[in-house]
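**Student:** Sharing a structure with you now.
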Amino acid sequence: MKRLFLAFCGALALFLWYASAAPAGDVPHEPILRIETGMHTSQIWSVATDAANRYLVTGAQDKTVRVWDVATNGLLQTLRPPIGASDEGAIFAVALSPDGKTVACAGATGSQWDGAHAIYLFSRSNGKLFRKIGNLPNFVLQLRFSPDGQFLAAGMSGSDGIRLYRTADYQMVGQDNVYGGACTGLDFGPLEAGQPLRLATASYLNSNENYIRLYAIRPDSDKPLVLTERQKPTAVGNPTQVSFAPDGSKIAVGFNDAPRVVVLSGTDLSHPYTPDTSGTKFANLKAVSWSADGQTLYASGDGQEPGNVLKWAAAGRGQRATLVAASDTIRQLIPFSGGVAFASAAPAFGMIGTDDTIRLKAAQRADFRGLLQNLLISQDGSVVQFAYAITGQSPARFSIKDRRLWDGGQGTRVATPLLPPQVDGLGITDWQESQNVKLNGALLKMDEEEVSHSLAIAPDRKSFVLGTRWNIRRYDPAGKSLWKTPVPTTTWSVNISGDGKVAVAALGDGTLRWYRMSDGQELCDFFPAIDKKRWVLWTPSGYYDTSPGGEELIGWHLNRSPDAAADFFSVARFRSTYYRPDVIAQVLPSLDEVAAVLLADDAAGRTDTHPPIAKILPPVVSIIAPPGGLDVTTTAIKLSYTVRTPSGEPVTEVKILVDGRPIDTTRDFQLVAADDTMREATVNVPMRDCLVSVIAYNRFAASEPVTVPLHWKGQAAPDNAKPRLFILAIGVSKYPKPDWELQFSAKDAHDFQTVFQAQNGGMYGDVQVKSLTDAEATRAAILAGLKWIQQSSTSKDVAMVFLSGHGTNDADGTFYYVPVDVNASSIKTSGVPSSAFRQGVEQIPGKVLFFLDSCHSGNVLGKQPLDTTGAVNELSSAENGVVVYTAAEGHQVALEDPEWNNGAFTKALIEGVKGNADFFHNGKISVAGLELYIAQSVQTLTQGNQTPTTCKPKTMPDFTVALKK
């Protein structure tokens, strides 16, 4: 019986834990590190839309709910309910009110602290959790708003049936708890004049409980919810999702146990016909939906072709077609704008149009399913090979020692062999996708319903490790458990280093994680972004190293209370404390995070201690109006926002930005309250689509930027005067010490200014240049050059800073540019620190682009390899608003060659500006196009030995920087 229930809801076996967990009384208040890619990281269970199909809402196992702008597929809000250990906070059901104002979500929510489950109600526009419906006896599988928005229906697991709530006050007005199994489907019928509103549900447990129920809802009655029909749709079978036809005449029913769909009468549940499913490769068809016009029926489920969707014409009686929608199982289908919208386990979501076109929002993480023998590891565990795509496709390698990510295809070499996991020997069988792993024919002890996915035998063959859905487990050859470490999601592959000291696991959230073999202690985690450029590597306490742009990939989730939305801060907010490449370098050699911190602090001479995160939290901003995705026809927009300071630190400044650049700054705040405080401002926006953002500051950090996209629907913008371009070009080839000299840095700076001077009269109305090369590039001249751009340019202009020469880091890791008059024994007073460049460019009113080519010959003044990453990430953060192009990754050396007559970076940059970066053949060179061309060209020129990077603030859209000549 339980196995049938688990077959429907997959991972819901995890929630048996809740039945025995004692409520703690309050949410956990310790910061929780979470991955944040702008997309879900685990399977999406539910999708919903409003009556006008302006928004989509998705809810996932990753404990977030996300609101999407249908017009652009852009993310508008990430809603964060309180979360806890295990799967507390996982979302299985979402609903959006017909007017698009209210998001309801639920799942494994609330029981850890309340002892009962809850439904959370959020404001779609500002993300505020304004109401919690509590005291539910089981977790919620289904949620729907009625088409008039007056009711919210919830279907629960177990045998607890359904609840009906009145949305005027969210009081329960009806329930049916006479269910023998979980409520697996729920849908409202259409509004019909003079007729009660109808509600259909599905439930199953076994052959005695597999019913479709039909209810009448009469708001003015003493008993608003009345069961009118209860029928078994088939003699046997497990009904899951139900979907009312738009005219209310029919109900489609999907099934969990067979590739079957039935169509029932929407009034009496009689069975008029069954769509043809013969010859399909599906094991079941759990998800069903009518199109918005009722002419087409859609269904999907598990099977040999997960992600495919069946489509029947003539309301299910006509010809059948198969559409390829996603790469993994479709969890839900709903009517949407003539076709359907879907949620996938990939995780992905999308929309299928009436013409079968598919708009897919794909997963933004590596897919380690089927990785198994393709997870390779070095002798000491510091180098791994993994793959971005399913079954080991698109391989890549990462070195913790070098902090380098590179392609792992044929022809690549590493200094030490990389070996696959050993799976043969010790008599271990039935370990793959199995609950019945055997050791010498005897069942290995695991938790009930726990599924094993991966295996690795230690090199000395004295132990082995299993990776399961819930844990990583180590056993001795006799099957005795040595340790068990919980994991947040499925362990698709596991391997053990040749020295037997660490195990590496590839998890379903796209992370690789290192564990100490002696006791299972987690040492560090690595997340490679799907763009194959950015990455972040961190310890359990949050110390991290990263590529340029990578620190936005993780952050701290902080619960506030059982009744409030949680806060989230990217690790970038705490860069000065937790960006510690020196700590990361010591983790594997020491096999202990605490020891790594002590070793790194000792080497750098650090004696200071940092306060707890809760004491240095930045402010929290919410934009109340305008809502994201709003169509605007006037340039004067009223902006309403709130600022909250969870740490109690006073808010010292608020910046309002349009397309990433500040247009208004308010200082001398007196705000110290922990509660939201409303503020208003009038913002002038351009006559085009734009992004409006708000950032608040305290003495420790800037808030997360909060951004709303606005769609311009007014009259076309007039052909105004062209912007001016201001260039500060700095390059030093002739340093005082002969062994410091470079061949092309000064020439690179000259060639850079020349190629952009050619844009005078084209892209720009005027181009003004200050050139500082060789003897001219003193510390004082560089600082004066930054001041010149500040004072000369306006918000309508563009500024570019080009920096070529040597760079260095001090003992604390601070980056300094080495000017021609540097004093090698006093870099802090004679070098130009990254903070000087940051302070210089943040005061520039217009768009700013920074080109950094200072990685020549490594760290000329330091003992460690040169690292520019911290400086790049600081410059390109939303609060500074600078687009940064770098010649090489943080630890790489930028190459130059007489054959190129430039450095590789500058050669590619110049070619791109001249027209090679015009990928759309429209005569325009954009930030993104230039990024792509430089990356491809430098990789080719240097045979993969130099990897340029580009970082752009997330508050800034792409824009044109040059016209093709």
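Here the numbering used here is used: position 920 in the sequence shown is 920, and no number is missing along the way. Ideal Cβ positions, reconstructed from N, Cα and C, are used throughout, including at glycine. Since we're looking at a predicted model, the values are computed, not measured.
Who does residue 566 pair with in a DSSP beta bridge?
**Tutor:** Against the sequence shown, residue 566 aligns to sequence position 566. Partner(s): none; residue 566 has no beta bridge.
**Student:** Return yes when the Cβ of residue 581 is within less than 7 Å of the Cβ of residue 701, no when it is not.
**Tutor:** Position 701 of the sequence shown, counted from the start, is the residue given in the question as residue 701. Position 581 of the sequence shown, counted from the start, is the residue given in the question as residue 581. No, the pair does not count as a contact, with Cβ atoms beyond the cut-off.
**Student:** Taking residue 905 as part of the alpha helix (DSSP H), name the residues at either end of that continuous run.
**Tutor:** Within the sequence shown, the letter at position 905 stands for residue 905. Segment 904-911, the alpha helix (DSSP H) holding residue 905.
**Student:** Spatial neighbours of residue 396 within its chain, please: C-beta separation below 8 Å, excluding the five flanking residues on both sides.
**Tutor:** Counting from one through the sequence shown, the residue named residue 396 turns up at place 396. 385, 386, 387, 388, 405, 406, 407, 408, 528, 532.
**Student:** Put residue 806 into one of helix, strand or coil per three-state DSSP.
**Tutor:** Locating residue 806 in the sequence shown gives position 806, where the first residue counts as 1. Note: residue 806 maps to coil in three-state DSSP.
**Student:** Rounding to the nearest angstrom, what Cα-Cα distance links residue 520 and residue 458 in this structure?
**Tutor:** Within the sequence shown, numbered from 1, the residue matching residue 520 stands at position 520. Within the sequence shown, numbered from 1, the residue matching residue 458 stands at position 458. Going by the C-alpha atoms only, they are around 14 Å apart.
**Student:** Counting only runs that start and end within the region 39-106, where is the beta strand (DSSP E) found for 3 or more residues in a row?
**Tutor:** Whole beta strand (DSSP E) segments, 3+ residues: 44-49, 55-60, 65-69, 74-79, 91-96.
**Student:** Measure the beta-carbon distance from residue 65 to residue 105 and round it to whole angstroms, keeping in mind my assumption that it falls under 8 Å.
**Tutor:** As a working note, residue 65 is residue 65 in the sequence shown. As a working note, residue 105 is residue 105 in the sequence shown. About 5 Å separates the two Cβ atoms, so the contact holds.
**Student:** Provide the residue span of the beta strand (DSSP E) that contains residue 790, from first to last.
**Tutor:** Against the sequence shown, residue 790 aligns to sequence position 790. No beta strand (DSSP E) contains residue 790, which is instead part of the alpha helix (DSSP H) from 779-792.
**Student:** Who are the near neighbours of residue 766 in its chain, counting only those whose CB is closer than 6 Å to its CB and skipping five residues on each side?
**Tutor:** The sequence position of residue 766 within the sequence shown is 766, counting from 1. Closer than 6 Å at the Cβ level, and outside the excluded window around residue 766, lie 724.
**Student:** Hey, is residue 766 close to the ligand NAP, as in C-beta under 6 Å from one of its heavy atoms?
**Tutor:** Only the bare structure without any ligand can be found here, which leaves the ligand NAP out of the picture.
**Student:** Please tell me whether residue 371 and residue 492 are closer than 7 Å, where the distance is taken between their beta carbons.
**Tutor:** Position 371 of the sequence shown, counting from 1, holds the residue named residue 371. Position 492 of the sequence shown, counting from 1, holds the residue named residue 492. In this structure, residue 492 lies closer than 7 Å to residue 371 by Cβ.
**Student:** With H, G and I counted as helix, E and B as strand and the rest as coil, what does DSSP make of residue 179?
**Tutor:** Here residue 179 refers to the residue found at position 179 of the sequence shown. In this structure, residue 179 counts as coil in the three-state DSSP scheme.
**Student:** Between which two residues does the alpha helix (DSSP H) holding residue 113 run?
**Tutor:** Along the sequence shown, one-based indexing puts residue 113 at 113. Counting along the chain, the alpha helix (DSSP H) containing residue 113 begins and ends at 111-114.
**Student:** Apply the 10 Å Cβ neighbour rule to residue 436 and answer buried if 16 or more other Cβ atoms are within range, or exposed otherwise.
**Tutor:** Counting from 1 along the sequence shown, the entry for residue 436 is found at position 436. So residue 436 counts as exposed.
**Student:** Could you check whether residue 697 and residue 642 sit closer than 7 Å to each other, using their CB atoms as the reference points?
**Tutor:** Sequence index remark: in the sequence shown, residue 642 carries index 642 (1-based). Sequence index remark: in the sequence shown, residue 697 carries index 697 (1-based). Not in contact: residue 642 and residue 697 (Cβ atoms no closer than 7 Å).
**Student:** Hey, out of 296, 86, 912, whose CA is closest to residue 471's CA?
**Tutor:** By one-based count along the sequence shown, residue 471 stands at place 471. The residue with the shortest Cα to Cα distance from residue 471 is 86.
**Student:** Could you check if residue 703 is buried or exposed, using at least 16 other CB atoms within 10 Å of its CB as the buried criterion?
**Tutor:** Mapped onto the sequence shown, residue 703 falls at position 703. Its Cβ being crowded by 16 or more others within 10 Å, residue 703 is buried.
**Student:** My guess is that residue 287 and residue 330 are in contact by the Cβ rule of under 8 Å, so how many angstroms apart are they, rounded?
**Tutor:** By one-based count along the sequence shown, residue 287 stands at place 287. By one-based count along the sequence shown, residue 330 stands at place 330. Indeed they touch by this definition, with Cβ atoms about 5 Å apart.
**Student:** For the alpha helix (DSSP H) that residue 444 lies in, which residues bound it at each end?
**Tutor:** Position 444 of the sequence shown, counting from 1, holds the residue named residue 444. Run containing residue 444: none; DSSP gives neither H nor E here.
**Student:** Return yes when the Cβ of residue 349 is within less than 7 Å of the Cβ of residue 58, no when it is not.
**Tutor:** Looking up residue 58 in the sequence shown gives position 58. Looking up residue 349 in the sequence shown gives position 349. Yes. Within cutoff.
**Student:** Which first and last residues belong to the alpha helix (DSSP H) in which residue 584 is found?
**Tutor:** Taking the sequence shown and counting its residues from 1, the one referred to as residue 584 is at position 584. Segment 581-590, the alpha helix (DSSP H) holding residue 584.
**Student:** Could you tell me whether the region 704-714 touches the region 618-630, where touching means 3 or more Cβ pairs closer than 8 Å?
**Tutor:** Output reads yes: the region 618-630 touches the region 704-714.
**Student:** How far does the alpha helix (DSSP H) with residue 837 in it reach, from first residue to last?
**Tutor:** For this step, residue 837 is matched to residue 837 along the sequence shown. Unbroken alpha helix (DSSP H) run through residue 837: 834-842.
**Student:** To which residues does DSSP link residue 361 through a beta bridge?
**Tutor:** Against the sequence shown, residue 361 aligns to sequence position 361. For residue 361, which the question treats as bridged, DSSP gives the partners 349.
**Student:** In this structure, does DSSP put residue 936 in helix, strand or coil?
**Tutor:** One-based indexing of the sequence shown puts residue 936 at position 936. The answer is helix: DSSP assigns residue 936 an H, G or I state.
**Student:** Have a look at 955, 207, 174, 867 and flag the residue whose alpha-carbon is nearest the alpha-carbon of residue 221.
**Tutor:** In the sequence shown, counting from the first residue as 1, residue 221 sits at position 221. Closest option to residue 221, Cα to Cα, is 174.
**Student:** Looking only at C-alpha atoms, which of 344, 169, 873 sits nearest to residue 573?
**Tutor:** One-based indexing of the sequence shown puts residue 573 at position 573. The shortest C-alpha separation from residue 573 is found at 873.
**Student:** Which same chain residues, not among the five before or five after residue 882, have their C-beta less than 6 Å away from its C-beta?
**Tutor:** Here residue 882 is taken as the residue at index 882 of the sequence shown, counted from 1. Closer than 6 Å at the Cβ level, and outside the excluded window around residue 882, lie 841, 848, 850, 875, 876.
**Student:** Ignore the nearest five residues each way along the sequence and tell me which others in residue 843's own chain have a CB closer than 7 Å to its CB.
**Tutor:** For the purposes of this step, residue 843 is taken as the residue at position 843 of the sequence shown. Correct list, in chain order: 790.
**Student:** In whole angstroms, what is the alpha-carbon distance linking residue 257 and residue 548?
**Tutor:** Reading the sequence shown from its first residue, position 257 is the one you call residue 257. Reading the sequence shown from its first residue, position 548 is the one you call residue 548. Taking the straight line from one Cα to the other gives about 48 Å.
**Student:** How is residue 21 classed by DSSP in three states: helix, strand or coil?
**Tutor:** The residue given as residue 21 occupies position 21 in the sequence shown. Because residue 21 sits at a pLDDT of 37, beneath the cut-off of 50, its placement in the model cannot be relied upon, and the point is left open.
**Student:** Pick helix, strand or coil for residue 758, following the three-state DSSP scheme.
**Tutor:** If you number the sequence shown from 1, residue 758 lands on position 758. Coil.
**Student:** With 16 other CB atoms within 10 Å as the buried threshold, where does residue 467 fall?
**Tutor:** Taking the sequence shown and counting its residues from 1, one reaches residue 467 at position 467. With 16 or more Cβ atoms within 10 Å of its Cβ, residue 467 is classed as buried.
**Student:** For residue 649, is the classification buried or exposed, using 16 other Cβ atoms within 10 angstroms of its Cβ as the cut-off for buried?
**Tutor:** Along the sequence shown, one-based indexing puts residue 649 at 649. By the 10 Å Cβ count, residue 649 comes out buried.
**Student:** Is it true that the region 760-774 meets the region 830-837, where meeting means three or more beta-carbon pairs spaced less than 8 Å apart?
**Tutor:** No: the two stretches stay apart, fewer than three of their Cβ pairs being nearer than 8 Å.
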